[in-house]
Amino acid sequence: MKYYATGYSVPQSDPPKSPRETLPTMYDLPSEFPEEPGLPDEFHDLQPHLLSRTLTLADYSRDNWFTGTNLNVYYDVQHPLWHKRPDWFLAVNVPRLYDGHDLRRSYVVWQEGYSPSIVVEFLSPNAEREDLGRFYQESDRVIAAPENAIEAEPAQLTKPPSKLEVYERHLRVSHYIVYSRYTQKLRYFQLVGARYQEQILQPDNPRIWIEDLGIGLGVWQGEFDDISQLWLRWCDQDGNWFLTDTEKAEQQAAAERRAAAAERSAKEEAQQQVKRLAERLRELGINPEDV
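The opening residue of the sequence shown carries number 163 in our numbering; numbering runs sequentially from there.
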């Protein structure tokens, strides 16, 4: 039996098995507990960055909208500590910086004056019911609870309303989007009157068009931050993907290289034409330098 610095012991076979076979894995152990801050997984870190970096709003200047990632949104003046932490959200008609000069530590609706227009949640294990509320289906379950899973402490009996209720009734978020990277399923809930109505998307090419903001959202297969997989990405009405700042710079550099190559080619062709003309004049007995 091998002993570890934690004081726990793990029975071993002969020959001993590797820790990957005998100890809980990444899929068994949660990355955060309910009362502790943190990101559920690396996807929750990378995907919001792609959304923010590809967002283009034709009707708003860049200093007139704000995107938040894993930032507390406080929504109820009667319960000022109640908040939700969307994986990603967009608020328009608010300054990029708080009071025009400072980075936000949170988003306080009663000070900002505007609720988010779009909220995007990425499903995590054991969070599906909270994110989807009455729209939850058994097929939305991310993964079955592993045999060695560590369960979180029971929630307090007195607690704020669920995410769906807050987004629907308190914040009145016009566009609520939920995506599962495990199933590549994209779901879109639009606020119609007082309640969300799920909008039907094409299963083979799910694409959302948000008319009031003039932007689309779809599932894109490509490479971001050196990782190639399926990502959510903004696009125009024709499905053309919006570029990140890095992609724009690379595209500009490529265009400049093509222009420089075309200029060199044109100069070389002109020089060849001059050379051919000189040879033709010599054939006719004419010195090109006398022309």
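Here a beta-carbon is modelled for each residue, glycine too, at the ideal position from N, C-alpha and C.
Quick check: the segment 346-363 against the segment 292-303, are at least 3 beta-carbon pairs closer than 8 angstroms? yes
Meets three-Cβ-pair contact criterion under 8 angstroms: the segment 268-287 and the segment 330-344: yes
For the alpha helix (DSSP H) containing residue 408, list its first residue and its last residue. As a working mapping, residue 408 is identified with position 246 in the sequence shown. Note, residue 408: alpha helix (DSSP H), 407-445.
Mind checking which residues open and close the beta strand (DSSP E) that includes residue 342? Here residue 342 is taken as the residue at index 180 of the sequence shown, counted from 1. Note, residue 342: beta strand (DSSP E), 337-342.
Let's test the definition: count the other Cβ atoms within 10 Å of the Cβ of residue 389 and tell me whether it reaches 16, buried, or not, exposed. Position 227 of the sequence shown, counted from the start, is the residue given in the question as residue 389. Result: exposed.
Tell me the residue span of the beta strand (DSSP E) that contains residue 345. For the purposes of this step, residue 345 is taken as the residue at position 183 of the sequence shown. Counting along the chain, residue 345 falls outside any beta strand (DSSP E), and DSSP gives it neither H nor E.
Anticipated Cβ contact below 8 angstroms, residue 337 with residue 279, distance rounded: As a first step, residue 337 must be located in the sequence shown, where it is residue number 175. As a first step, residue 279 must be located in the sequence shown, where it is residue number 117. Yes, residue 337 and residue 279 are in contact; Cβ-Cβ is about 7 angstroms, under 8 angstroms.
DSSP bridge partner residues for residue 331 (one or two, in chain order): Along the sequence shown, one-based indexing puts residue 331 at 169. In the DSSP output, where bridge partners are listed per residue, residue 331 has none listed.
With DSSP as the reference, label residue 164 as helix, strand or coil. The residue you call residue 164 lines up with position 2 of the sequence shown. With a pLDDT of only 45 at residue 164, under the threshold of 50, the placement of this residue in the model should not be trusted; the figure read from the coordinates follows. The answer is strand: DSSP assigns residue 164 an E or B state.
Measuring CA to CA, which of 326, 403 and 370 is closest to residue 347? Along the sequence shown, one-based indexing puts residue 347 at 185. The residue with the shortest Cα to Cα distance from residue 347 is 370.
DSSP three-state assignment for residue 326, whether helix, strand or coil: By 1-based counting over the sequence shown, the position of residue 326 is 164. The answer is helix: DSSP assigns residue 326 an H, G or I state.
Taking the alpha-carbon positions, what's the residue 148 to residue 364 distance? Because the chain spans 163 through 453 in this model, residue 148 falls outside it and cannot be assessed.
Just how far apart, CA to CA, sit residue 358 and residue 406? In the sequence shown, counting from the first residue as 1, residue 358 sits at position 196. In the sequence shown, counting from the first residue as 1, residue 406 sits at position 244. Going by the C-alpha atoms only, they are around 31 angstroms apart.
CA-to-CA distance, residue 298 to residue 468, given in whole angstroms: Because residue 468 is not part of the residues shown, which for the chain are 163 to 453, the question remains open.
If you measure between the beta carbons of residue 395 and residue 184, is that distance less than 7 angstroms? On the sequence shown, position 233 is the one that residue 395 refers to. On the sequence shown, position 22 is the one that residue 184 refers to. Taking 7 angstroms as the Cβ cut-off, residue 395 and residue 184 do not qualify as a contacting pair.
Buried or exposed for residue 321, going by 16 or more other Cβ atoms inside 10 Å? As a working mapping, residue 321 is identified with position 159 in the sequence shown. With fewer than 16 other Cβ atoms within 10 Å, it is exposed.
Using only the alpha-carbon positions, how far apart do residue 440 and residue 422 sit? Translated into the one-based positions of the sequence shown, residue 440 becomes position 278. Translated into the one-based positions of the sequence shown, residue 422 becomes position 260. Using only the alpha carbons, I get a separation of about 27 angstroms.
Measuring CA to CA, which of 446, 392, 438 and 179 is closest to residue 213? As a first step, residue 213 must be located in the sequence shown, where it is residue number 51. Minimum Cα distance to residue 213 is reached at 392.
Under the three-state DSSP convention, the category residue 211 falls into: As a position in the sequence shown, residue 211 is number 49, starting the count at 1. It is helical.
Roughly how far, in whole angstroms, is the beta-carbon of residue 381 from the beta-carbon of residue 237, given that I think they are within contact range, below 8 angstroms? As a first step, residue 381 is located in the sequence shown; it is residue number 219 there, counting from the start. As a first step, residue 237 is located in the sequence shown; it is residue number 75 there, counting from the start. With 8 angstroms as the limit, residue 381 and residue 237 do not qualify as a contact, their Cβ atoms being about 29 angstroms apart.
Closest Cα partner of residue 230 within the set 330, 211 and 240: Position 68 of the sequence shown holds residue 230. Ranking the options by Cα distance to residue 230, first place goes to 211.
Would you tell me roughly how many angstroms separate the C-alpha atoms of residue 255 and residue 376, rounded to the nearest one? Counting from 1 along the sequence shown, the entry for residue 255 is found at position 93. Counting from 1 along the sequence shown, the entry for residue 376 is found at position 214. Distance between the alpha carbons of residue 255 and residue 376: 15 angstroms.
Proximity below 7 angstroms, CB of residue 232 to CB of residue 245: Translated into positions along the sequence shown, residue 232 becomes position 70. Translated into positions along the sequence shown, residue 245 becomes position 83. No.
DSSP beta-bridge partners of residue 380: Indexing the sequence shown from 1 puts residue 380 at position 218. Answer is 369 and 395.
Boundaries (first-last residue) of the alpha helix (DSSP H) holding residue 360: Looking up residue 360 in the sequence shown gives position 198. It is not in any alpha helix (DSSP H) - residue 360 instead sits in the beta strand (DSSP E) that spans 357-361.
To the nearest angstrom, how far is the alpha carbon of residue 132 from that of residue 361? Nothing can be reported for residue 132: it is not among the residues displayed for the chain, which extend from 163 to 453.
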